[in-house]
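What follows is a single structure, written as C-alpha cells, with notes after it.
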Ligand SMILES: Cc1cc2nc3c(=O)[nH]c(=O)nc-3n(C[C@H](O)[C@H](O)[C@H](O)COP(=O)(O)OP(=O)(O)OC[C@H]3O[C@@H](n4cnc5c(N)ncnc54)[C@H](O)[C@@H]3O)c2cc1C
C-alpha cells in the first residue's frame, strides 16, 4: 500500500497552496476533497446553464502576490481585475458613491459633508499606516511567547521592535484599532451617517459582531491590507469568478506532479501512538501518509476528524471555545438582463462595484440585533456585486450574475436548525430589499442559489458557516490563532498540521495560512524552501 | 421592512452635484480662455482641476514672467473664508505668525501645524477686514479649521470653487493693471491688498505672488471671472501679457527660493511614514515662530524641540557646480555619506547658476556645510550620465529683484 509523503485534507485554496509548495519541494502529495470539485469557499460553479457563479467568496484582494508568482498562477489562468468603488443607495433616493479617483471621491463626499470630504485623507493615512504595520506579519509564523527557542524570541523581538518603532501617537492608534468598535473609530473622523455606514461595512463582513461591538475596527483593517498589484486596499474580480483562483492552484499543483482526489470525504485521521499516519475516507478506504495537513477549520479537524482521547484537555477545551459563529449567507442570482437602479445614473461606474442599501450604522446594528435574537435580519445588510459588468466569462453578453453577500444570518434559527422554508423566507428578504431599489428586479431572475449558514457548512464544511474559519477578533489573532501554544500550524499530534483560515493570519482568500504552514512543515522535514518567496518589502 | 422614499427626498442641489464622476478634472472659471490658448494641450491634475503644465511653450512662458507679464490661473488653490468677531484670535491660534500684527488690507505668508508641531501646510493669509480673512493653501484643511474653531465666534467656509483667482506676474504687471483702469493700484505696496470695482462687483487685488518678481494676485467671484480675464488681456496686449502654465511658474518660484507643500516637504496629514513629517524649523519656516506669541497650535512641541535640540532636518538652498539640474539627486558629505535629498532644481536663467532646494539631515547643512556633493543621474538617450558635483549651501532667495518691492512700482 502506498504511503504518501503528505496528505492534505481539503482542497480549499489554503489546502491547495499548501499542497503546491510541498509538492514543489519534492514531496509526493495527495489532496483529498470531499466535494466533487475543489475550491472550498473559493469556487465557481455553473448551476444553471450559461451562468457561472462565485458561489461563496466573490472578490479578491487579500491573496498574496508572492504566492501567485511562486506558484505561477497567471500561467494557469488566474487574472484579477481591479474595479471602481461602488455605492451605498440611500432611502431618500440618492446614493453615496466611492470612486478610485481621489478628487471625484472627495467631491462625492462633499455632496453630503464638505468636512467629511476633506477628512478622508487623514482617515486614509491612519488606515494605511496600520495596514503597513500588519502587512509584513501576514507571511511570518507568529512567535510563541511561551517559548525560549531562539526563533520565537527573534520573532517576538521583531514584533516588539516594530511596535517600539511607532511614534507614541501611532502606538495609541494601533491599540485603538485592535480594540475599538468600527463605529467609535469612524466617529473620530466622520460626521455623516451614510459615510460612516459606507466604511463600517468592512468592519462587520463575515463577523458575528455589530458595528458597535469592540474589535470590529480590526476587521476593517483585515479587509484593507490586501492589494491588487500593488494598489493597497483595492479589490478586484477574479476573471471567471473566485473559482479561478483554485482552478489555477489545482492546475499548478497537478502540473508539478501532485494528485487530487475529489469526492473523497475524510472521516477520521488515522492516529497511532500520538502520531498521524493517514486518513480514513467515508467509504472506509484507508490512505497512508507520513504526515497529514488539515485545511478544514480547527473545530472540524479536532472535534470531528480526530478522536478526542488523542488530544490534551486544555487544547480540546480551547478548540471547543474557539469562536466560529456564523453570521452570513449568500444569494447568487442569474439575471437575464442588467438590473436598473433609478438612483444611479445609467453611466455610473458604481454599477461595476459593490452596491449597498444600508445607509446608517444604526440600521446595521439593528440588523445585528436580529442575529443576537437568533433570527436572520429583517432588514439585512447586503453586499451586492455584478462581476459580469467587467468579466465577460461568467455569462453571455447582456446576461448577468449578481452576487449578494447577506448579513446577518445565524447558524441556528431561534435555537433550531434551518429548514427549507426558513431558507426561502431568508431569500425573499434579500430579493425584496433589492427590488425596493431596483424596480422590475424579480422579473429578471432566471435562477437563484440560496445559501444560509446551513448550506455553507454542509457544502464547504465551514463550521457554523463562519466564512473566516473563526472570528477575526484580537483574542483569536497572531499567537492566539487558533489557540495559544498551537499557532505555528502544528498540533498536539505529531505529523498532523493545520493550514486553513483558522490559523494565522486568518480568513479570506489570502493563501498565507497555507503557505506559512508549508514553510513550517518543510522546516520540520529539514527540506529547503528556496521556492518560497519572502514577503514583499513594505517600503 | 423598510421601503424606499418613506423619508424625505434628497435635496435637489445634492442630487444635481452628482455628475462630477463624468468630469474627473474640473475646469476652472477661466477654462474657456485657457482651452482657447492651450496650444500644447499639456494638462495636469491640480487638486482635481485640469490645469496647464504649459500653454504654448514652457521655456518662453518663463521668459514672459521675467520680461513682460504672465497671467496664471490660481483658481484650484484651496481657499477658506474665515469670518467673525473672533476671526483674528482664531487665525492667531491656528497659524504660526502673529496675526494681531496683520492689519486689514495686508497679506502674510504663514504656515500651520498640528499639536505635535508638524507642518500641516503653508499658505497665505489675507486680511480682508477687521473680521474677515481668506486663507489660501495647497492642501485641504476644513476638518482641522473647524475643530480649531470650537469656542471661537467664527465661521469657516470652504470657497475654492466659488472664488476664481489669477496671478499677474512680471515687470509690466503694474502697467497692465493701470492700463486696465484699476485706479489707485499703484498705491499697493508689497503684501498690501485692496478692493477695486469690476463690472457690477469687486475684485480683490493684492501685491503678492509666487515668482519673486513684481506681481499681483486677483480674486473674484466666479461669475465675473471671464470678463476680468478679458479686461486684463486687452489692457495688457501692449504690455506683452501672456497666459502661462505651471512649469514656467515653478521655475520662477524656485529662483525666488519659495517652497511647495508636498514637493519640498510632506504635509503632516499626508505623511504615511511618520518620520517624513517636519517641524517649521526643519523646512526653513522657523522665522515665523515668535516665542513671545501666546498659544498657537503646535507651540509647545515646537519650543520643546528647540530647547531639547530634537530637530533633525534642515531645508537649504544649494548652488551646484555645472549646469545639469540635480532634480531629486541624493546629497552626500565627502562623496560617500548620504545626508539628504534635492527636492527641486534647475539652471537659473536669472542667476546664471545651477540652483536647488534640498532637505539635509542635521548637522549637515547647518554646522557642517563643507564638502557637500550631489550625485546627478542625467538620463541621456537611454543612458544615465552619472555626475558627482560639488554643492554649496547658499541663502535663499537665489535672485533678488528690486522691482518686486519698488514703490511706486515701475511703469513700462
Ligand atoms: C459566503 C462567503 C463569502 C466570502 N466572500 C469572500 C470574499 O469576497 N473575499 C475573500 O477574500 N474571502 C471571502 N470569504 C472568505 C473566504 O472565502 C474563506 O475564508 C476562504 O476561502 C477559506 O479558505 P480555506 O482554504 O482556509 O478553507 P475552505 O475554503 O473552507 O476549504 C476547506 C476545504 O476542506 C474541505 N473539507 C472539509 N472537511 C473535509 C473532510 N472531512 N474531508 C475532505 N474535505 C473536507 C471542504 O470541502 C473545503 O473544500 C467568503 C466566504 C464565504 C463563505
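Protein chains in written order, with the numbering used here: chain A, 13 to 551; chain B, 252 to 663. Cβ coordinates follow ideal geometry from the N, Cα and C atoms, glycine included. Every value quoted in this text rests on a predicted model; they were computed, and no experiment measured them.
Among B/261, B/334, B/299 and B/401, nearest to residue 123 of chain A - alpha-carbon criterion
By 1-based counting over the first chain, the position of residue 123 of chain A is 111. When B/261, B/334, B/299 and B/401 are compared, the shortest CA-CA separation from residue 123 of chain A is found for B/261.
Could you give the distance in angstroms between the alpha-carbon of residue 117 of chain A and the alpha-carbon of residue 21 of chain A?
Here residue 117 of chain A refers to the residue found at position 105 when the first chain is read from its first residue. Here residue 21 of chain A refers to the residue found at position 9 when the first chain is read from its first residue. Cα to Cα, residue 117 of chain A sits roughly 45 Å from residue 21 of chain A.
Contiguous beta strand (DSSP E) assignments of at least 3 residues, all confined to the segment 561-592 of chain B:
Complete beta strand (DSSP E) runs here, min 3: 564-571 and 581-584.
Exposed or buried, what is residue 398 of chain B when buried is set at 16 or more other beta-carbons lying within 10 Å of its beta-carbon?
As a position in the second chain, residue 398 of chain B is number 147, starting the count at 1. With fewer than 16 other Cβ atoms within 10 Å, it is exposed.
Quickly, what does DSSP pair residue 414 of chain A with across the bridge? List them, please.
As a first step, residue 414 of chain A is located in the first chain; it is residue number 402 there, counting from the start. DSSP lists A/345 as the beta-bridge partner residues of residue 414 of chain A.
Any Cβ of chain A within less than 8 Å of the Cβ of residue 618 of chain B?
As a working note, residue 618 of chain B is residue 367 in the second chain. No - not a single Cβ of chain A is within 8 Å of the one on residue 618 of chain B.
Determine contact between the segment 462-480 of chain A and the segment 423-442 of chain A, defined as no fewer than three beta-carbon pairs at a distance below 8 Å.
Segments in contact, yes.
When the distance is taken between beta carbons, is residue 463 of chain B closer than 8 Å to residue 514 of chain B?
Start at 1 with the first residue of the second chain, and residue 514 of chain B comes out as number 263. Start at 1 with the first residue of the second chain, and residue 463 of chain B comes out as number 212. Not closer than 8 Å, so no.
Should the segment 304-321 of chain A be called in touch with the segment 509-516 of chain A, which here means at least 3 C-beta pairs below 8 Å?
Contact between the segment 304-321 of chain A and the segment 509-516 of chain A is present, because at least three Cβ pairs lie under 8 Å.
Compare the C-beta of residue 131 of chain A against all C-beta atoms of chain B and say whether one is closer than 8 Å.
Here residue 131 of chain A refers to the residue found at position 119 when the first chain is read from its first residue. Residue 131 of chain A belongs to the set of residues whose beta carbon lies under 8 Å from a beta carbon in chain B.
Does the distance from the CB of residue 459 of chain B to the CB of residue 468 of chain B come in under 8 Å?
Taking the first residue of the second chain as 1, we reach residue 459 of chain B at position 208. Taking the first residue of the second chain as 1, we reach residue 468 of chain B at position 217. Going by C-beta atoms, residue 459 of chain B is nearer than 8 Å to residue 468 of chain B.
Residue 591 of chain B to residue 110 of chain A, Cα distance in whole Å?
Residue numbering aside, residue 591 of chain B sits at position 340 when the second chain is read from its first letter. Residue numbering aside, residue 110 of chain A sits at position 98 when the first chain is read from its first letter. Approximately 38 Å, taken between the alpha carbons.
Is the closest heavy atom of ligand 1 to the C-beta of residue 252 of chain A under 7 Å?
Mapped onto the first chain, residue 252 of chain A falls at position 240. Incorrect: residue 252 of chain A has no Cβ contact closer than 7 Å to ligand 1.
Once the 5 residues before and after residue 660 of chain B are set aside, which same chain residues still bring their CB inside 6 Å of it?
Here residue 660 of chain B refers to the residue found at position 409 of the second chain. Sequence-distant partners of residue 660 of chain B (beyond 5 residues in either direction) whose C-beta falls short of 6 Å from its own C-beta, in its chain, are 425 and 465.
In the segment 149-180 of chain A, which residues sit with their C-beta less than 7 Å from some C-beta in chain B, listed in chain order?
Residues passing the 7 Å Cβ filter: 179.
Taking C-alpha atoms, which residue in A/501, A/237 and A/372 lies nearest to residue 107 of chain A?
For the purposes of this step, residue 107 of chain A is taken as residue 95 along the first chain, with counting starting at 1. Closest option to residue 107 of chain A, Cα to Cα, is A/372.
Between the segment 273-300 of chain B and chain A, which residues of the former have CB atoms less than 9 Å from a CB of the latter, in chain order?
Residues of the segment 273-300 of chain B whose Cβ lies closer than 9 Å to any Cβ of chain A, in chain order: 273, 274, 275, 276, 277, 296, 298, 299 and 300.
Give me the DSSP bridge partner(s) of residue 305 of chain B.
Mapped onto the second chain, residue 305 of chain B falls at position 54. Residue 305 of chain B pairs with B/293.
According to the neighbour-count rule (16 or more other Cβ atoms, all chains shown, within 10 Å of its Cβ), is residue 297 of chain B buried or exposed?
The residue you call residue 297 of chain B lines up with position 46 of the second chain. By the Cβ neighbour-count rule, residue 297 of chain B is buried, with 16 or more other Cβ atoms within 10 Å of its own.
Determine the closest residue to residue 432 of chain B out of B/299, B/354, B/418 and B/450, with distance taken between C-alpha atoms.
What you label residue 432 of chain B is simply residue 181 of the second chain in a count that begins at 1. It is B/450 whose Cα lies nearest to the Cα of residue 432 of chain B.
Consider the Cβ of residue 385 of chain B: report whether some Cβ of chain A lies at a distance smaller than 8 Å.
As a position in the second chain, residue 385 of chain B is number 134, starting the count at 1. Cβ-Cβ to chain A under 8 Å: no for residue 385 of chain B.
Distance, residue 308 of chain B Cα to residue 294 of chain B Cα
Looking up residue 294 of chain B in the second chain gives position 43. Looking up residue 308 of chain B in the second chain gives position 57. Between residue 294 of chain B and residue 308 of chain B, the C-alpha separation is close to 13 Å.
Just to check my reading of the structure: residue 148 of chain A and residue 547 of chain A have Cβ atoms closer than 8 Å, yes? What is that Cβ distance to the nearest angstrom?
Start at 1 with the first residue of the first chain, and residue 148 of chain A comes out as number 136. Start at 1 with the first residue of the first chain, and residue 547 of chain A comes out as number 535. Under the criterion of beta carbons closer than 8 Å, residue 148 of chain A and residue 547 of chain A qualify as touching, at roughly 6 Å.
On a Cα-Cα basis, can you pick out the residue from B/583, B/606, B/581 and B/580 that is closest to residue 650 of chain B?
For the purposes of this step, residue 650 of chain B is taken as the residue at position 399 of the second chain. Here the closest residue by C-alpha is B/606.
Per-residue burial, residue 631 of chain B [other beta carbons within 10 Å of its own, 16 or more giving buried]:
The residue labelled residue 631 of chain B in the question sits at position 380 within the second chain. So residue 631 of chain B ends up on the exposed side.
Contact criterion: CB-CB distance below 8 Å. Does residue 119 of chain A meet it with respect to chain B?
Locating residue 119 of chain A in the first chain gives position 107, where the first residue counts as 1. Cβ-Cβ to chain B under 8 Å: yes for residue 119 of chain A.
Please classify residue 313 of chain A as buried or exposed, where buried requires at least 16 other C-beta atoms within 10 Å of its C-beta.
As a working note, residue 313 of chain A is residue 301 in the first chain. It is buried - the Cβ of residue 313 of chain A has at least 16 other Cβ atoms within 10 Å.
Counted within 10 angstroms of its Cβ, other Cβ atoms place residue 333 of chain A as buried (16 or more) or exposed:
Counting from 1 along the first chain, the entry for residue 333 of chain A is found at position 321. Exposed is the label assigned to residue 333 of chain A, since fewer than 16 other Cβ atoms lie within 10 Å of its Cβ.
So, with DSSP's three-state summary, where would you put residue 350 of chain A?
Numbered from 1 along the first chain, position 338 holds the residue referred to as residue 350 of chain A. Look at residue 350 of chain A here: in three-state DSSP terms it is coil, with no helix or strand label.
Rounded C-alpha distance that separates residue 461 of chain B from residue 322 of chain B:
Position 210 of the second chain, counted from the first residue, corresponds to residue 461 of chain B. Position 71 of the second chain, counted from the first residue, corresponds to residue 322 of chain B. So the alpha carbons of these two residues sit roughly 12 Å apart.
Continuous beta strand (DSSP E) stretch holding residue 366 of chain A: start and end:
In the first chain, residue 366 of chain A corresponds to position 354, counting from 1. According to the DSSP assignment, residue 366 of chain A belongs to the beta strand (DSSP E) that extends over 366-368.
For ligand 1, I want to know if residue 12 of chain A counts as a neighbour, meaning its beta carbon is within less than 7 Å of at least one of the ligand's heavy atoms.
Shown here, chain A extends from 13 to 551; a query on residue 12 of chain A therefore has no answer.
Quick check on residue 172 of chain A: does DSSP put it in helix, strand or coil?
As a position in the first chain, residue 172 of chain A is number 160, starting the count at 1. Looking at residue 172 of chain A - three-state DSSP - the assignment turns out to be helix.
Does the pairing of the segment 524-538 of chain B with the segment 564-576 of chain B give three or more beta-carbon distances under 8 Å?
Yes: the two stretches touch, three or more of their Cβ pairs being nearer than 8 Å.
Residue(s) in a DSSP beta bridge with residue 615 of chain B
Position 364 of the second chain, counted from the first residue, corresponds to residue 615 of chain B. Under DSSP, residue 615 of chain B takes part in a beta bridge, and its partners are B/619.
Quick one: which unbroken beta strand (DSSP E) runs of 3-plus residues sit fully inside the segment 346-426 of chain B? Chain order, please.
Within the segment 346-426 of chain B, the complete beta strand (DSSP E) runs of at least 3 residues are 357-364, 370-380, 383-388, 406-409 and 414-420.
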